[in-house]
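**Student:**
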Amino acid sequence: MPDTGQLRHPLAVRQILRHAHTLLSAAGDEESLSLEALLTRAADRLPLEDRPDLDPPTLAWAVAEAAAQLLACVRTPIRPQDPHLTYCLQALDRLPRTARIGLLTAAVRRTDPDQAGSLDGTSPLAPTRRFVPDGPAPAGRRTAGRCPCECNSEGFCGGCGHAGCGGRR
């Protein structure tokens with residue numbers, strides 16, 4: 000998943016997402032709630048004992064962080080201060096209600112400190128391991144040498160399938 004940066008208020012973001020999930024799940028099918036309004040309403044319902052250090056600008060920042068976490072679940076890398084955040088949330092509003100509930104569930108899991116920021120429990124920045132077999136390459140992977148066509152000179156030849164292939168066929 001794309002990284003949305005280090006959360007400034009991880010507990011508040013997680014609680015906002017959980018409250019938003021509860022609100023959307025409890026809402027009827029005929030009630031249309033935008034995700035932006037849902038996150039704002041969820042932030043207003045944070046218990047007072049959980050937000051002694053959250054003044055209104057900080058609470059607004061936590062709502063923006065929650066929105067960025069939602070967008071990260073659909074692989075849209077966006078920062079809380081991005082001016083297009085509201086527009087991207089409006090695009091998610093066109094999804095069916097069940098899909099939006101699923102996105103909120105994924106965002107809650109993503110912000111769970113026990114999960115280290117991802118759905119499968121691994122760090123999103125953990126390196127991926129690539130399997131490289133030992134021994135000679137199979138017959139299908141062997142190369143016959145440099146490609147004789149134009150793509151070696153950064154042009155497109157049409158013979159090997161793509162431009163600028165580097166000359167292997």
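For the sequence shown, position 116 matches number 115 in numbering that gives the first Met the number 0, and the numbering has no gaps at all. Think of the CB as a built atom: it goes at the ideal place given N, C-alpha and C, for glycine as much as any other residue.
1) Could you tell me which whole alpha helix (DSSP H) segments of length 4 or greater appear in the region 51 to 98?
2) Check each candidate in A65, V12, D113 and name the one with the smallest Cα separation from L84.
3) Can you tell me whether DSSP reads G120 as helix, strand or coil?
4) Quick one, are the C-beta atoms of R13 and D111 less than 9 Å apart?
5) If you pair each beta-carbon of the region 13 to 31 with each one of the region 74 to 91, do three or more pairs fall below 8 Å?
6) Can you grab the Cα-Cα spacing for the pair T75 / A105, in whole Å?
7) When DSSP labels each residue in this structure, what does S36 get in the three-state scheme?
8) With DSSP collapsed to three states, give me the class of D113.
9) Considering only residues of the same chain and omitting the five flanking positions on each side of A26, which have a CB-CB separation below 6 Å?
10) Apply the 10 Å Cβ neighbour rule to A61 and answer buried if 16 or more other Cβ atoms are within range, or exposed otherwise.
11) Of the residues G101, L10, R7, H8, which one's Cα is nearest the Cα of L70?
12) Report, in whole angstroms, the separation of the C-beta atoms of H8 and T39, which I expect to be a contact under 8 Å.
13) Looking at the secondary structure, which residues open and close the alpha helix (DSSP H) in which S24 lies?
14) Taking the alpha-carbon positions, what's the R93 to L34 distance?
15) Is L45 helix, strand or coil by DSSP?
16) For P99, which residues of its own chain have a beta-carbon under 7 Å away from its beta-carbon, when the five flanking residues on both sides are left out?
**Tutor:** Looking at the atomic coordinates:
1) 55 to 71, 84 to 92
2) As a working note, residue 84 is residue 85 in the sequence shown. Of A65, V12, D113, the residue nearest in Cα terms is A65.
3) Here the question's residue 120 lines up with position 121 in the sequence shown. In this prediction, G120 scores a pLDDT of 39, lower than 50, which makes its location untrustworthy; no coordinate-derived value is stated.
4) Here residue 13 is taken as the residue at index 14 of the sequence shown, counted from 1. Here residue 111 is taken as the residue at index 112 of the sequence shown, counted from 1. Yes.
5) no
6) The residue you call residue 75 lines up with position 76 of the sequence shown. The residue you call residue 105 lines up with position 106 of the sequence shown. About 14 Å.
7) Stepping through the sequence shown from its first residue, residue 36 is reached at position 37. Sequence inspection shows Ala at residue 36; the Ser mentioned does not correspond to that position. In this structure, A36 counts as helix in the three-state DSSP scheme.
8) Within the sequence shown, numbered from 1, the residue matching residue 113 stands at position 114. D113: helix per DSSP, three-state reduction.
9) Within the sequence shown, numbered from 1, the residue matching residue 26 stands at position 27. Only L32 meet the Cβ criterion.
10) Taking the first residue of the sequence shown as 1, we reach residue 61 at position 62. Buried: at least 16 other Cβ atoms inside 10 Å.
11) Here residue 70 refers to the residue found at position 71 when the sequence shown is read from its first residue. Per the Cα distances, G101.
12) Position 9 of the sequence shown, counting from 1, holds the residue named residue 8. Position 40 of the sequence shown, counting from 1, holds the residue named residue 39. So it is not a contact: roughly 15 Å between Cβ atoms.
13) Taking the first residue of the sequence shown as position 1, residue 24 is located at position 25. For S24, the uninterrupted alpha helix (DSSP H) segment begins and ends at 9 to 25.
14) On the sequence shown, residue 93 is found 94 positions in, with the first residue counted as 1. On the sequence shown, residue 34 is found 35 positions in, with the first residue counted as 1. The straight-line gap from Cα to Cα measures roughly 10 Å.
15) Your numbering for residue 45 matches position 46 in the sequence shown. Of the three classes helix, strand and coil, the one that applies to L45 here is coil, per DSSP.
16) Working through the sequence shown from its first residue, we reach residue 99 at position 100. Note that residue 99 corresponds to Arg in the displayed sequence, not to Pro. Cβ neighbours of R99 beyond the five flanking positions: L23, L34, L91.
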